[in-house]
Amino acid sequence: MNPVDCKFSGIYKFTNKLNGKVYIGQAINMYKRFLQHRRLKDDFNFARALKKYGVDNFSFEAIERVDDIEQLDAKEQYWLDYYQSYTKDKGYNTVIFVNSPTKGRKREPWETANGLAALKKQREEIGHPWLGRSHSEAAKKKLSDDRKGKPVSEQTLLAKIAAKSKPVAQIDLKTGKIIKVWSSGSEIKRQLGIPESAIGYACKGGYYSPSRQRWFCRNNICKGFEWQHVSKEGASAIVPINAGKHIETQKKPVCQIDIDTGKVIQVWPCVSSIHGLPGLSKEAIRRTCANKPKWCAVNKKFYTPKSTYGGFRWQYA
Numbered sequence: 001m002n003p004v005d006c007k008f009s010g011i012y013k014f015t016n017k018l019n020g021k022v023y024i025g026q027a028i029n030m031y032k033r034f035l036q037h038r039r040l041k042d043d044f045n046f047a048r049a050l051k052k053y054g055v056d057n058f059s060f061e062a063i064e065r066v067d068d069i070e071q072l073d074a075k076e077q078y079w080l081d082y083y084q085s086y087t088k089d090k091g092y093n094t095v096i097f098v099n100s101p102t103k104g105r106k107r108e109p110w111e112t113a114n115g116l117a118a119l120k121k122q123r124e125e126i127g128h129p130w131l132g133r134s135h136s137e138a139a140k141k142k143l144s145d146d147r148k149g150k151p152v153s154e155q156t157l158l159a160k161i162a163a164k165s166k167p168v169a170q171i172d173l174k175t176g177k178i179i180k181v182w183s184s185g186s187e188i189k190r191q192l193g194i195p196e197s198a199i200g201y202a203c204k205g206g207y208y209s210p211s212r213q214r215w216f217c218r219n220n221i222c223k224g225f226e227w228q229h230v231s232k233e234g235a236s237a238i239v240p241i242n243a244g245k246h247i248e249t250q251k252k253p254v255c256q257i258d259i260d261t262g263k264v265i266q267v268w269p270c271v272s273s274i275h276g277l278p279g280l281s282k283e284a285i286r287r288t289c290a291n292k293p294k295w296c297a298v299n300k301k302f303y304t305p306k307s308t309y310g311g312f313r314w315q316y317a
């Protein structure tokens, strides 16, 4: 019978085509249970066999339909005894008695008295009283309900941030020396007011524009400084991860020129270091210096920008 046609309760059987071993199970909807087995998310004896031999090497069969759900345990026990699938040479079932899973079963080492004593000693040594244990679903729900609506302490928040954060080195553009190593981007935001996203993009070497579908500003510069992630192990020694990759040729100096007089007002180390000019787009300044065409969404065509922008003339030095 096709598994799709088994959307009813009953007893099913998986048979290994290579060695003939079987697995007996019960389900209220056998087709759904068949799909759960094929997802290979479980980690018991039969699931490991599916991963080892491959799902295609097992055949599925609905051996008995059981409309009365209360009779599922009794029927499963009958077929377990019939195929003796709880023996290692005949099947993959680990339970001999359906209503008493541990009865007649060989215990794992950690389930014996010596194993429990060793586990208890290990818990005391590492200070982890819940090692090897897990809360029940009811206990988990109760703990979740108790925590809902309660504010998280600042100490807990800082601990979570510290666990996920990456140290960031603030580097001087002229000297190339590290000014300070910040513990995270959030600390930089609190102290300097620079957005975390800007620091993250700078550390990655630029930022990605979903609308343009490309990266911009392929350098590590933001707000007049260079930023790099440093390893937590080497943060004490202040060793940047990208140490030695400072290429000065990639940083083109930009001249800000007065339109009327033609005199140079200021020479910036690069486009990304330009600051103190609100309303000006650094990408527009970069296009102006490079004289690259710009796409006009209104007229739906490219046009070549002028050498002036924002009341100044811009060009690479």
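Taking the UniProt record's numbering, the leading residue of the sequence shown gets 1, the next gets one more, and so forth. For every residue, glycine included, the Cβ atom is placed at its ideal position computed from N, Cα and C.
Tell me, which residues are paired with residue i by DSSP?
i, result
"D172", "F225"
"I11", "Q26 and E64"
"S136", "Partner(s): none; S136 has no beta bridge."
"K180", "Q170"
"Y309", "F312"
"Q266", "Q256"
Relative to the alpha-carbon of residue i, which residue among the options has its alpha-carbon at the smallest distance?
i, options, result
"Y92", "G193, R33, G127 and V22", "V22"
"Y309", "N299, A317 and S281", "S281"
"G10", "V66, S85, L277 and A117", "V66"
"F58", "N19, K41 and L192", "N19"
"L158", "K148, L143, R190 and V95", "R190"
"K174", "T156, T261 and C270", "C270"
"T15", "D43, K75 and Y83", "Y83"
"N220", "R133, Y53 and G176", "G176"
"Y86", "A163, F46 and P3", "F46"
"K164", "Q266, C203, I274 and S183", "S183"
"N2", "I63, L192, D42 and A49", "I63"
"L35", "Y53, K17, R286 and D5", "D5"
"L40", "Y31, K52 and S153", "K52"
"I24", "Y31, L50 and E61", "E61"
"K7", "V298, Q26 and Y31", "Y31"
"L80", "I96, K88, D146 and A139", "I96"
For residue i, name the three-state secondary structure that DSSP assigns.
i, result
"D258", "strand"
"K90", "coil"
"A27", "strand"
"I194", "coil"
"N16", "strand"
"V95", "coil"
"V230", "strand"
"S100", "strand"
"F46", "helix"
"S59", "strand"
"R39", "coil"
"C203", "helix"
"N79", "Checking the sequence, you will find Trp at residue 79 rather than Asn. Looking at W79 - three-state DSSP - the assignment turns out to be helix."
"K150", "coil"
"C6", "coil"
Leaving out the 5 sequence neighbours to the left and right, which residues in its chain are closer than 8 Å to residue i when beta-carbon positions are compared?
i, result
"I69", "S9 and I28"
"K142", "none"
"S307", "T288, N291, R313, W314 and Q315"
"F44", "T94"
Give me the Cβ distance between residue i and residue j, rounded to the nearest whole Å; I'm assuming they're in contact under 8 Å.
i, j, result
"I179", "I171", "7 Å"
"V55", "R38", "5 Å"
"Y316", "K252", "5 Å"
"W227", "V168", "6 Å"
Which residues in the same chain have their Cβ closer than 6 Å to the Cβ of residue i, if we skip the five residues on either side of it in sequence?
i, result
"G311", "none"
"I194", "I188 and K223"
"Q77", "V98"
"H135", "none"
"C255", "V264, V267, Q315 and A317"
Using a Cβ-based criterion (distance less than 7 Å to any ligand heavy atom), does residue i qualify as near the ligand FAD?
i, result
"I221", "Ligands in the displayed structure: none, and consequently the ligand FAD is not present."
With a threshold of 7 Å on Cβ separation, who are the neighbours of residue i within its own chain once the five nearest residues in sequence on each side are excluded?
i, result
"E196", "G185, S186 and K189"
With a threshold of 8 Å between beta-carbons, can residue i be considered close to chain B, or not?
i, result
"R123", "The question asks about chain B, but that chain is absent: this structure has only one protein chain."
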